[in-house]
Ligand SMILES: Nc1ncnc2c1ncn2[C@@H]1O[C@H](COP(=O)(O)OP(=O)(O)OP(=O)(O)O)[C@@H](O)[C@H]1O
Ligand SMILES: [Mg+2]
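Here is the structure:
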């Protein structure tokens, strides 16, 4: 499954300025058979807030996103998105972008981007027009009529991100969206992410292995402990979003919080 695309009214799907919905997790634990993936996760994300989650491989980050998205129910505890605890309602509120772009190889970039709109019942011409506009905005407008195999990794990520945004859902769950990109493309897409999230005001949970990326993109960064994951450390980002990336990530306050996070990770807290 790619983004969650439960049908909704056109008016809902067309509202690009969704204010975001609160996410609330209380005492969430999740096991796969005997394997405890998450234990006692407490998490509150305010409407429109951008939170990054960092933690060792296998500590349950993807599981956490899948639970929030309503793809599964936690073994214990409760999860509410926009005040709704029901898995189907969570599924309806969340757009999920997995690490791999999962574009359909036989579809043009513009039709891949338009997928969520088409599934929401919007006609082909209108869906294409809106998808084309979003690709333009994300800097890949000229590749709208290319197939995914003709695009670089960074371009494919932009198309996948366009598709996620176009669902119009109030919550974005981004699972390592920039993993496997080269440093320059990654920095460029981090800036794009910041600009887009500022304009869209969606509630966002970003999973990343990159502490610098976490503090650059998110309002708040949380560390999950090694499995079973729970939130063991958090800090607000000191970044002034109007600053260019190069000066933001070299500011002393940024270096201090990045070091503190890396120390917590190294201590095995995260
Ligand atoms: N469907 C599943 N069935 C059984 N075990 C699973 C399943 N999904 C995840 N796990 C296990 O749960 C734990 C957490 O997995 P998860 O994918 O959430 O980790 P992660 O933090 O996202 O890791 P990574 O950083 O490598 O992506 C791992 O030990 C994993 O093997
Ligand atoms: Mg993962």
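Residue numbers (my numbering): 4 to 273. Just so it is clear, CB atoms sit at the ideal spot from N, CA and C, and this is done for glycine as well. This structure is a prediction, so every number in the text was calculated from the model and none was measured.
Nearest candidate by alpha-carbon position, reference residue i, set the options
i           : options            : result
residue 30  : 54, 83, 37         : 83
residue 172 : 191, 106, 119      : 119
residue 160 : 230, 182, 232      : 182
residue 144 : 187, 109, 114, 108 : 114
residue 167 : 265, 229, 102      : 102
residue 141 : 220, 110, 193      : 193
residue 221 : 187, 248, 169      : 248
residue 203 : 185, 169, 187      : 169
residue 23  : 36, 188, 51, 34    : 51
residue 198 : 188, 246, 231, 235 : 246
residue 165 : 264, 34, 100       : 100
Extent of the continuous beta strand (DSSP E) to which residue i belongs
i           : result
residue 127 : Counting along the chain, residue 127 falls outside any beta strand (DSSP E), though it belongs to the alpha helix (DSSP H) covering 127 to 140.
residue 38  : 38 to 48
residue 29  : 26 to 35
residue 2   : A question about residue 2 goes unanswered here, because the residues of the chain that appear run from 4 up to 273.
Pairwise C-alpha distance: residue j and residue i
i           : j           : result
residue 207 : residue 25  : 10 angstroms
residue 134 : residue 270 : 45 angstroms
residue 47  : residue 223 : 11 angstroms
residue 158 : residue 185 : 12 angstroms
residue 11  : residue 106 : Confidence is the limiting factor: at residue 11 the pLDDT is only 41, short of 50, which leaves the residue's position unreliable and the question unanswerable from this model.
residue 109 : residue 136 : 21 angstroms
residue 28  : residue 125 : 33 angstroms
Alpha helix (DSSP H) segment containing residue i, residue limits
i           : result
residue 157 : 156 to 169
residue 81  : Here residue 81 belongs to no alpha helix (DSSP H); instead the beta strand (DSSP E) covers 79 to 84.
residue 240 : Residue 240 -> no alpha helix (DSSP H), and no H or E assigned at all.
residue 248 : 248 to 251
residue 184 : Here residue 184 belongs to no alpha helix (DSSP H), and DSSP marks it neither H nor E.
residue 261 : 255 to 269
residue 98  : Not the alpha helix (DSSP H): residue 98 falls in the beta strand (DSSP E), residues 97 to 100.
residue 110 : From DSSP, residue 110 is part of no alpha helix (DSSP H); its letter is neither H nor E.
residue 220 : 214 to 220
Proximity below 9 angstroms, CB of residue i to CB of residue j
i           : j           : result
residue 1   : residue 64  : Past the boundaries of the shown model lies residue 1; the chain is included only from 4 to 273, so the question cannot be answered.
residue 175 : residue 200 : yes
residue 38  : residue 32  : no
residue 116 : residue 138 : yes
residue 154 : residue 180 : no
residue 227 : residue 44  : yes
Min CB distance residue i to chain C below 9 angstroms
i           : result
residue 135 : The chain inventory of the structure shown lacks chain C, comprising one protein chain alone.
- If we count Cβ pairs, one from each stretch, closer than 8 angstroms, do we get three or more for the region 134 to 151 versus the region 85 to 95? no
- For ligand 3, which residues have a Cβ under 7 angstroms from at least one heavy atom, in chain order? By its list of ligands, the structure shown excludes ligand 3, since it contains just ligand 1 and ligand 2.
- Message: Taking 8 angstroms as the cut-off, does the region 48 to 58 touch the region 195 to 215 (at least 3 CB pairs, one atom from each stretch)?
- Response: yes
- Query: Below 8 angstroms, can you find three or more Cβ-Cβ pairs linking the region 235 to 254 to the region 63 to 70?
  - Reply: no
- If you pair each beta-carbon of the region 252 to 263 with each one of the region 71 to 80, do three or more pairs fall below 8 angstroms? no
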